[in-house]
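One structure below.
In the working numbering, the protein residues as written are 2 to 603.
See the structure below:
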């Protein structure tokens with residue numbers, strides 16, 4: 002959609018149309034709502050001033066890229082948002098040339114912009130990288146690493162700071178507000194350049210006084226921090242005023258320097274129910290747009306709710322329990338604990354590395370830390386898990402939500418790799434509950450366990466409820482759920498035990514079914530006995546095949562010189578998993594109950 006010829010009134014009308022389109026589709030499909038409604042005008046101004054795809058548009062996390070998608074030729078396709086085979090809820094280069102980079106995790110945009118700026122300079126091209134980053138994403142250290150280098154290099158680059166909570170630096174008083182508005186215009190930028198040129202010609206004493214005056218002005222403006230890093234600063238700008246945004250971005254474009262444009266926006270703008278800092282409207286399931294009520298509500302407690310209630314119970318009993326999450330208090334269930342124990346549970350914002358290391362120090366001080374982070378985001382703190390937790394063998398508990406296929410968020414969010422990357426770390430123990438009752442037993446075990454422990458559990462509900470009786474958890478001990486002298490064993494880990502059980506029911510067979518409970522350490526005695534009579538092991542785990550449960554068990558057999566057991570794993574093949582409903586994605590991977598049943602040979 003070419004919007005450069007549109008007049009201001011037409012652009013404002015377009016913003017209304019885009020909001021209606023986003024609300025209509027997200028209320029039907031689910032997705033990120035408030036963040037996208039908040040950047041409609043900002044995205045329109047970006048497309049109006051700059052020249053994508055020649056100018057790389059880099060969206061941090063990219064959950065707020067819906068307007069960008071609508072403006073870059075995907076209006077008609079937008080109904081398929083986050084659906085299997087449809088367009089992604091994030092930027093995706095193989096979907097459109099307008100999507101410069103894949104995104105889904107936070108705080109990568111400025112680093113990407115710096116890399117693009119370096120490449121553009123080396124190729125001597127007339128292009129300008131433009132990054133859009135939220136104030137929340139600036140809580141992660143990677144963003145500051147990139148800003149630090151950019152301020153030194155001084156390569157042309159525009160960074161748009163979407164401040165939707167006014168959390169960066171609130172303007173102080175009427176004078177500051179006036180100065181901030183003034184600095185967003187071309188007059189101030191030209192004036193500042195003239196002053197800098199004049200200072201070079203002034204005597205030292207006069208230049209010193211003039212410089213102190215400029216610094217005094219900057220002290221009451223939000224741009225001081227960025228300018229101290231060596232970046233130009235424009236703003237704050239009203240992020241819903243298209244005219245002001247176009248003016249500010251045009252100034253930034255023509256400066257040929259690294260520039261921060263600070264835009265203040267309102268999350269959920271235009272949909273009153275979602276306006277403001279309301280976490281529940283960040284990512285939503287399908288809902289009625291008339292009243293905001295979700296269309297589907299499960300009466301069964303999901304795994305996150307179970308974890309939250311179990312940890313709350315433990316924390317009420319043991320006052321040395323502490324915990325942390327990284328910007329996901331409701332998503333991980335830690336919000337309830339922060340509310341009840343604000344001095345013992347914290348949200349570090351988007352800072353997984355800091356979250357893990359800070360809890361390592363608390364473990365050393367005698368506390369029992371529970372670190373609640375999604376499986377996909379635990380990847381961001383891998384060095385801290387090794388360096389700060391495992392080497393000293395500290396009793397931290399990694400509570401990894403969203404393990405397995407998460408559905409509509411796609412490649413960047415699937416919890417496929419935690420077994421593979423944690424199994425390699427000395428001192429770590431890995432466990433997973435199959436249902437709520439075993440979750441309670443594992444959580445009880447976790448408190449008294451004095452080494453690093455990782456617990457994984459799924460998004461949504463467990464596949465089992467009370468089909469099997471729980472057992473008291475003992476380190477490295479598995480549970481035989483049903484036993485048969487036939488040749489076949491179904492071995493499950495975590496929530497995938499449900500799939501093993503359901504495949505057996507679907508086929509109307511009675512194999513021996515094992516719940517590993519632990520994948521590290523393994524129950525060696527049970528597995529050695531199993532190998533004597535069961536020569537076909539079918540493996541069920543919601544994880545990557547490479548380095549996963551099947552390979553771990555194959556290694557165990559090899560180490561024990563057992564050569565007559567055949568292992569067939571139904572874990573994920575060696576590729577990234579696309580977005581879509583879990584059922585459709587599993588069908589595409591040939592790991593649905595029906596597809597697995599076709600591969601079972603008795």
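Virtual Cβ for every residue (Gly too), placed ideally from N, Cα, C.
In the structure shown, residue 338 adopts helical secondary structure according to DSSP, grouped into three states.
Counted as a single uninterrupted DSSP element, the stretch harbouring residue 161 is not any alpha helix (DSSP H) but the beta strand (DSSP E) occupying residues 158 to 164. Residue 94 counts as exposed, since fewer than 16 other beta carbons sit within 10 angstroms of its beta carbon. With distances taken between CA atoms, residue 115 lies nearest to 260 out of 366, 260 and 71. Bridge pairing for residue 430: 454 [DSSP].
Spanning the alpha carbons of residue 147 and residue 137 requires a straight line of approximately 16 angstroms. In terms of CA proximity to residue 127, 52 leads the group 52, 154, 419 and 102. Only residues of its own chain outside the window of five on either side were considered, and among them 267, 268 and 269 have a CB closer than 8 angstroms to the CB of residue 277, listed in chain order.
The residue from 11, 132, 24 and 122 with its alpha-carbon nearest to that of residue 63 is 132. In this model, residue 225 and residue 130 are separated by some 23 angstroms (Cα to Cα). Residue 324 and residue 315 have their alpha carbons spaced roughly 12 angstroms apart.
Your pair residue 442 and residue 473 checks out as a contact, with CB atoms roughly 6 angstroms apart and the cut at 8 angstroms. Beta-bridge partners of residue 239 (DSSP): 265.
Between the segment 498 to 516 and the segment 412 to 423, the count of Cβ pairs shorter than 8 angstroms is below three; the stretches do not touch. Residue pairing by DSSP places residue 376 in no beta bridge whatsoever.
Residue 547 and residue 54 have their C-alpha atoms some 36 angstroms from each other. Positions of the beta strand (DSSP E) runs, each at least 3 residues long and wholly inside the segment 500 to 576, are given as 513 to 516, 519 to 521, 537 to 541 and 567 to 570 in order along the chain. DSSP, reduced to helix, strand and coil, places residue 282 within a helical segment of the structure shown.
A check of alpha carbon separations from residue 550 across 565, 564 and 569 identifies 569 as the nearest. Beyond the five residues adjoining it in sequence on each side, residue 521 comes within less than 7 angstroms, by CB distance, of 424, 429, 430 and 431 in the same chain, given in chain order. Counting other Cβ atoms within 10 Å of its Cβ, residue 591 stays below 16 and is therefore classed as exposed. The bridge partners DSSP lists for residue 390 come to none. Cβ neighbours of residue 113 within its own chain (closer than 6 angstroms, five residues either side excluded): 59 and 102.
Exposure of residue 567 is indicated by the presence of fewer than 16 other C-beta atoms within 10 angstroms of its C-beta. For a cut-off of 8 angstroms, the C-beta gap from residue 499 to residue 464 is around 3 angstroms, short enough to register as a contact.
Look at the beta carbons and you see the segment 84 to 99 not touching the segment 151 to 165: under three pairs across the two are nearer than 8 angstroms. Residue environment for residue 390: buried (at least 16 other C-beta atoms within 10 angstroms of its C-beta). Counted as a single uninterrupted DSSP element, the stretch harbouring residue 329 is not any beta strand (DSSP E), since DSSP gives it neither H nor E.
One thing to note: residue 493 has its Cβ no nearer than 8 angstroms to the Cβ of residue 457.
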